[in-house]
Every structure is written in structure tokens, then in C-alpha cells.
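Worksheet for the structure shown next.
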Amino acid sequence: MKSTKSAKNPRRPSPSRLAESAIEAAHAAGTILLRYFRKNLKVSEKADAGLVSEADLAAEDRIIRVLRTRFPEFGFLTEEAGEKSIEAPGRWIVDPLDGTTNFVHGFPVFCVSIAAEWQGEIVAGAIYHPILKDTYVAIKGRGAFVNGQRMRVSKTARIEDSLLTTGFSYRKSEFLRDEMTSFERLSEITRAIRRPGSAALDLANTARGIFDGFWERGLSPWDVAAGWLIIEEAGGKVTDFKGNEFSLDKNEVLASNGVLHDNMTALL
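Residue numbering for the sequence shown follows this note's numbering, starting at 97 and increasing by one per position.
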């Protein structure tokens, strides 16, 4: 794309600067989350049975403040506030606390996820795990890194040797029956499956080579935007369950080291 300074074709900000700002905002939010962790929280239940706490709201507010200062022209798509500045060519896709249920119950598996989208393409993303102080970041075309070190997906070549991760819904989910069927099929052939409760961290850990693959239904753009880029920049593959090209408007995601992808699509 040719960049100009005109309103119709604005100049894209440096992806490196976008990534740096995403990290800054994620770290700031992480600091806030740690202040609330294992404390008495004000918690309410959403219509979809999910939880939202004062920690989610405080972290999201901090992220928006940091990023709006750096890039006032960008819009936002966030879990709690929804869509802001829809007409902006760039937007931040933000989950201030992925793993809220874990957080509320004092289980230390949660993260902050921030992606920068420019004219429909994710160009930078960061995921921060405040408990372990692990920072995952990717820039389109420049690789994926954890704590400054380049990372790659696993080399596991046999589905029988794989450690997979997933997420699934509870209560009255339209996907629950299909999710249990998929879990059963894959659990019969893999080494093991984990269900940690944070989709963004599952994607980050698949990119890191800890997990060999991840699948889940019913996710939102803020759950997967940063992790999608991080996986691909780490050499992995992201599609829907049928192996078709992934996009943020799809409600299912399959991510893997690439080698096991066909095995997983066949079982899903």
C-alpha cells in the first residue's frame, strides 16, 4: 500500500512503534491487575454468563489512556467498552483481562492482550502474563518474541506425541455438545489436553512451543487478534476448523505448529 498524508489514504504508523506502545499499555494494565489479584473484588455477571470485575474496567481504562495518548487517530474495539471510532483506519483490539473467571477465583492464569489493526490487517500484537512477567510480541513480517527472545512453534510431528490446549463454554452454550465431541476425539489420540482458561495465553504458549495446538469455538476478536499474529510469526498456522483462512469474524479458531494441522482438522 502506498502511504500518503491524505485523509483518504493516511500514512501507516511504524509497526515497531505500535508494538512498543502495545507492550507499554499491556504492562501498565498488568500492574493494575496485580493490585487487584486475590483481593475482594466487585464482580458482576454478563448476559453470556461471563464475568466482569472492577479490575477489568480499571485495566481497560488504563490501556485506552496510554494508547490514545500515543495514537489519538486510532479507534478501539475492546471487550468491555465495545467499538469506538469505527471510521478510523487504525484500531486497537483490546482484552484488558483474558481469563477473568480465573482471576476472580484467584487462579493465576490470565493475561492482557492488545493488537494493532491497520486497514483490516493485524500488524502488531502483544500479550502480557503479569504473574510470570512474560511478554509476547509480534510484528507483521518480523517474527515473534517472548521476553526479547525469538520464539518458534514446536516441531512435534505425531499427533500421538502432542500436548494440546482448548477452551469450552459452560451452562447453556450452543457449542457445548460439539465441544465435548471434539474433546473426546482428540483426547483419544493425543498425549494430553489442557484447559487453562485464557485463549490469548493458549495462543501465546502454542507460539512458544509449549503446546502443539489449540482450538476453541465462540471466541471474540479481542480474544484472538494478538495471538493470531504471534502464532503465524512464530511459524505456526491459524485457520477455522475446516482449514479455511481465518478472520476475526469467525467464531472458531484452530492454531497449531502447522505440522499437526491436518490431523486436527480431520478430528474436529
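Built from N, CA and C at the ideal position, the CB exists for glycine as well.
field: Pick from Ile306, Arg313, Leu350 and Ser250 that is closest to Trp324, judged by C-alpha positions
entry: Leu350
- request: Would you please state the rounded distance, in angstroms, between the beta carbons of Asn359 and Gly293? I believe it to be under 8 Å.
  value: The Cβ separation is near 25 Å, so there is no contact.
Nearest residue (CA-CA) to Ile218, options His357, Leu344 and Leu272: Leu344
message: Would Ile223 and Leu297 be called neighbours here (beta carbons separated by less than 8 Å)?
response: The answer is yes: Cβ separation under 8 Å.
- request: Take Asp336 as the anchor and find which of Lys346, Ala118 and Arg287 has the nearest alpha-carbon.
  value: Lys346
- prompt: Quick one: Cα of Leu114 to Cα of Val233, how far?
  reply: 11 Å
query: So, helix, strand or coil for His123, using DSSP?
result: The answer is helix: DSSP assigns His123 an H, G or I state.
- prompt: What are the residues that DSSP puts in a beta bridge with Phe241?
  reply: Val233 and Arg246
query: Going by other Cβ atoms of all chains shown within 10 Å of its Cβ, with 16 needed for buried, is Lys135 buried or exposed?
result: exposed
task: Could you tell me if Thr277 is buried or exposed, where buried requires 16 or more neighbouring beta carbons within 10 angstroms of its beta carbon?
output: Answer is exposed; the Cβ neighbour count stays below 16.
Close beta carbons around Ala122, own chain, < 6 Å, minus the five adjacent residues each side: Correct list, in chain order: Val208, Ile210, Ala222 and Tyr224.
- request: Report the rounded CA-to-CA distance for Ile255 versus Ile285, giving the unit in angstroms.
  value: 7 Å
query: Looking at the structure shown, is Gly323 part of a helix, part of a strand, or coil, going by DSSP?
result: helix
task: Give the secondary structure of Leu350 by DSSP, where H, G and I count as helix, E and B as strand, and everything else as coil.
output: strand
message: Could you check whether Glu150 and Lys138 sit closer than 8 Å to each other, using their CB atoms as the reference points?
response: yes
- request: Just the C-alpha distance for Leu272 and Phe279, rounded to the nearest angstrom, thanks.
  value: 10 Å
message: What would DSSP say about Ile160, mapped onto helix, strand or coil?
response: Correct three-state label for Ile160: helix.
Residue closest to Thr252, alpha-carbon to alpha-carbon, out of Ala295, Glu183 and Phe307: Phe307
message: Under DSSP, the alpha helix (DSSP H) around Ser283 begins and ends at which residues?
response: Start and end: Leu272 to Ser283.
field: Buried versus exposed call for Leu282 [16 or more other C-beta atoms within 10 Å across all chains shown]
entry: buried
field: Whole-angstrom C-beta distance between Gly309 and Ser59, which should lie under 8 Å
entry: No information on residue 59 is available, as it lies outside the stretch 97 to 364 that the chain covers here.
task: Assign Gly216 to buried or exposed, taking buried as 16 or more other Cβ atoms, counted over all protein chains shown, within 10 Å of its Cβ.
output: exposed
- prompt: Per DSSP, which one or two residues make a beta bridge with Asp191?
  reply: Looking at the DSSP assignment, Asp191 forms a beta bridge with Ser209.
query: Is DSSP giving Glu176 helix, strand or coil here?
result: coil
- prompt: Under a three-way DSSP split, which group does Ala115 fall into?
  reply: helix
field: Range of the contiguous beta strand (DSSP E) that encloses Ala220
entry: Note, Ala220: beta strand (DSSP E), Glu217 to His225.
query: Skipping 5 residues on each side, what residues in its chain have a beta carbon closer than 8 Å to that of Lys236?
result: Pro111, Glu217, Ile218, Val219, Ala220, Leu325 and Glu329
message: Considering only the alpha carbon of each residue, which of Leu153, Val148 and Pro185 lies closest to Pro106?
response: Pro185
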